[in-house]
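Notes for the one structure printed next.
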Amino acid sequence: MSIKLEIREIWKHRTLLLDIAVTDLKVRYKHSILGFFWSFLEPLLLLIILSLVFTHVFSFEIENYALYLLANLVLWNMFTRSTTMGLTSMISKAGIITKIYFPRELVVISSSLTSFFMFVFEFMIFFIFVAVFQFVPSVTLAFVPVPLVLLFIVSLGISFGLAVTNVFFRDIQSIWTILLQAGFFLTPIIYKLDILPKSVQELLYYSPLVRIFEMFHNSILYNQLPSTWDITYSVVTSLVILGVGFLVFYKFQAKAVEEL
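Numbering follows the working numbering, with no gaps: position 1 of the sequence shown is -17.
Here is the structure:
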């Protein structure tokens, strides 16, 4: 089957895609006493802990630091969950994949959708804090969907590559966990890039994640829109990551199913 036909098949099964994503969301909290409340409690507890640790370090350098930290945390959670769930998506749904035919890409895409749904819940926490701190977002808040879409694309592209690779090499899970830990500190989540040496800033700007996070918190908190070059670079690199990830998945999915 050609790539074009594969994409058509994915679109044809879009209802199934949504069903899988919603089911994953329900299953995640099925045996939890607090249920969906964890989507609110988790970022709240993380914010309190990190605020206590980092406020005295960065509070005088970053305006509205608590909101800056929370906004970045919920965005990072979306990326982390999406890629982690995507990584194990084929293995966790091996029983279905090996018995029923449907585009295998659906299990990966559904992971990113589930992560996005969880992000929406967590983002509500952010706006509760916005109200508590009596902060009034600027009109650039309307730009927020752009970095969200870009992060979804990047996460999905990475998830495609991780999902199929993890079937053959289970060490990928451990490696990705380490890379996520490194990525947390290499991305402007608890600090702003301008505290780093210029040479380091320029190096980190090659990462689409860095630019996406900059777009996100700047548009929400600081009334700043990215340059045309930042948007162009982020769009191009995000689409390249998605394209490469999809091609890797498309090429090896048949062998991966056999391996399952």
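C-beta: ideal position from N, C-alpha, C; glycine also.
Identity of the residue in the options nearest residue i by Cα
i: A48; options: R63, S189, F61 and L27; result: L27
i: E(-9); options: Y232, A238 and K237; result: Y232
i: I73; options: Y187, K(-14), I154 and I160; result: I154
i: N46; options: K(-6), D1, F228 and V114; result: V114
Alpha-carbon to alpha-carbon, residue j and residue i
i: G143; j: Q116; result: 43 Å
i: M197; j: E87; result: 29 Å
i: V146; j: V218; result: 24 Å
i: L203; j: I171; result: 14 Å
i: A76; j: I(-11); result: 21 Å
i: K81; j: S93; result: 20 Å
i: L130; j: A124; result: 12 Å
i: V126; j: I157; result: 31 Å
i: L186; j: P179; result: 11 Å
i: L224; j: I(-15); result: 14 Å
i: L138; j: Y188; result: 19 Å
i: E184; j: K(-6); result: 43 Å
i: L175; j: R(-4); result: 39 Å
Cβ pair residue i, residue j closer than 8 Å
i: T96; j: D212; result: no
i: V192; j: T169; result: yes
i: P119; j: V128; result: no
i: W58; j: F167; result: no
i: I44; j: V239; result: no
8 Å contact criterion, which residue i and residue j should meet: CB distance rounded
i: L207; j: S201; result: 6 Å
i: T65; j: I177; result: Incorrect: roughly 27 Å between the Cβ atoms, too far for contact.
i: L133; j: M60; result: 7 Å
i: A3; j: F99; result: 7 Å
Sequence-distant residues of its chain with Cβ nearer than 7 Å to residue i (five each side left out)
i: L(-2); result: F84 and L88
i: H199; result: Y50, A53 and N54
i: E241; result: V149 and F150
i: T62; result: L162
i: V230; result: F142, G143 and V146
i: S220; result: L132, I135, V136 and P190
Nonlocal neighbours in the same chain, by C-beta distance under 8 Å from residue i, ignoring five residues either side
i: V105; result: The identity of residue 105 in the sequence shown is Phe, whereas the question assumes Val. Result list for F105: V56, in chain order.
Residues of its chain near residue i, where Cβ-Cβ distance is below 6 Å and the 5 sequence neighbours each way are ignored
i: V90; result: G68, S71, S141, F142 and A145
i: T122; result: S201, N205 and L207
Cutoff 8 Å: residue i Cβ touching any chain B Cβ
i: P119; result: Here chain B cannot be found, since the structure has a single protein chain.
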